Amino acid sequence: MSKFLKILAPASAGTASVLTLAYVLADQFVVDMPAPARVSFVATANAQEAEAPEPAAQARALAEAPAAAREGGYGLGREALPEEIAAWDIDIRPDGQGLPEGSGDVWTGEEVFVAQCASCHGDFGEAVGRWPQLAGGMDTLDRKDPVKTVGSYWPYLSTVWDYVHRAMPFGDAQSLEPDEVYAITAYLLYLNNVVDDDFVLSRESFAEVEMPNEGGFKPDDRPETELTAFSNEACMEGCKESVEITMRAAVLDVTPGSEEGEAEVVETAIEVEEQAEAQPEGAEPAEEAVAGDQPTAAEDGAGTASAEGADAEAAPAEAADAAPVEEASAGPDPELVAAGERVFKKCAACHQVGDNARNRSGPQLNGIVGRSAGTVEGFRYSGAMEEAGAEGLVWDHESLAGFLADPRGYLKGTKMSFAGLRSEEDIAAITAFLEAQGD
């Protein structure tokens, strides 16, 4: 082998060329070079390279003094420069150590998030397709299908900042400036109801933020509690003759559910949209009421002879019957309600309606038409919304139309960051749909 190498490798060949050839030959013959031969071979290659003249480019690259060879090492490379270390040293600790100077507020974060992140994660962190959901999922970790988001699961804010800084946006990692990372992180906190809409995140305010699930984690004690047990000699007696698959990973997930009293699976944003498609269209009380008041053909024929004599008596009765028919017809147009149900899919990531509707990142909207603003029990509104409700803002057709067209323009400081509906037809349809929802 060594003679073969000497023939193919001229004395002027560099270490890299020789080593490359050696690896090719080793792979070709599937034979590992003995340790003594390896040491001798590398030493000879280094000596040859030291004697050979270095090109100008190589001389410039090796301007820094090479590192002293460690015992048993090859004497290759050099000490890393401070600026090279700094480029890699970007990790952030839970106490904020490592954060750069800078700051970012919630509303700036919304603008950057929509431009850089929403194509995968949705405008409100609800996720697009199979990309991760970033908001919501509170109180779901003990369920069969937990929704793990920044708000429901992540224990430290440093993880959020570090991941956005290090790996996002997808395909253009580390292109964001520190101020942009601060702003995006502040917006994610806001989407998860951790901070208010006037919050500004900086290195100074970083330590003030406490993540909702921080208490759900504990120090890793497996070296003390499990390592010894799994380090013992494996038992190879009494094994089963066959193996039966009892659960699939897609169902098992990372938090197995108990067979006894399994908790209800929480709906994700995608499930809500699917349910919205499956909901029946609104009832049509007006048409039923009119149909019930029309006489049948037999009744019409039998009453012809006495119709003229009964005109005076029938007039009051007809007037009385007309009132409920007209009242029934005053409800939302069923076709408009059905169209509004389709438009509501844009809202379903944050809002719920119907039976068992719950507050999510937005309040449930049952009975919103005619209700004072900012009054859904249990929902944390922005200060602007609560103030508007206290001053008499009621959600009627006119106020809903103005708010849905431009939420932030209509009510400055609102927590709702939806850009708005541009079509008057869509606004009318969704208002009809919301009006059809009971309390």
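Residue numbers (the working numbering): 542 to 980.
Beta carbons are placed, not taken as given, at the ideal position from N, Cα and C, and that holds for glycine.
Remember, it's a predicted structure, so these values are computed and weren't measured experimentally.
Taking the CA atoms as reference points, T690 sits about 25 Å from D896. Unbroken alpha helix (DSSP H) stretches of 4 residues or longer found wholly inside the region 924-970: 924-931, 938-946, 948-951, given in chain order.
In the structure shown, S743 falls within a strand segment according to DSSP collapsed to helix, strand and coil. Shown here for P696: same chain residues with a beta carbon closer than 6 Å to its own, the five before and five after excluded, namely M752, N754, E755, F758 in chain order. For S660, the enclosing alpha helix (DSSP H) covers residues 659-662. Check the Cα spacing between K953 and each of S644, E928, E939: the tightest is with E928.
If you draw a straight line from the Cα of S940 to the Cα of A898, it is about 23 Å long. Your pair L877 and A970 checks out as a contact, with CB atoms roughly 5 Å apart and the cut at 8 Å. Beyond the five residues adjoining it in sequence on each side, A676 comes within less than 8 Å, by CB distance, of F665, G666, E667, T690, V691, G692, L729, L732, N733, S902 in the same chain, given in chain order. Under the DSSP definition of a beta bridge, S913 partners with V935.
A straight-line Cα-Cα distance of about 11 Å links D937 and F944.
Ranked by Cα distance from S746, the options G950, D646, P904, S964 are led by D646. Under the three-state reduction of DSSP, G919 is assigned to coil, being neither helix nor strand. Annotation: the region 664-750 contains the following complete segments of the alpha helix (DSSP H) (minimum length 4 residues), in chain order: 698-708, 719-732. A973 and L962 do not touch by the CB rule: their CB atoms are close to 13 Å apart, not below 8 Å. Secondary structure of S783 (DSSP, three-state): coil.
Counting along the chain, G881 sits inside the alpha helix (DSSP H) bounded by residues 875-884. DSSP places G757 in the helix class (H, G or I) of the three-state scheme. With fewer than 16 other CB atoms across the displayed protein chains lying within 10 angstroms of its CB, E918 is exposed. Residues V722 of the same chain have their beta carbon placed closer than 6 Å to that of H706, with the five preceding and five following residues left out of the count. Under the DSSP assignment, P623 falls in the alpha helix (DSSP H) whose first and last residues are 623-629.
Between the beta-carbon of G908 and that of M926 there is about 17 Å, and that puts the pair past the 8 Å contact cut. Around the Cβ of Q657, a 10 Å sphere holds 16 or more other Cβ atoms; the residue is buried.
In the pairwise beta carbon analysis, the region 712-722 is classified as not touching the region 767-787: fewer than three pairs are separated by under 8 Å.
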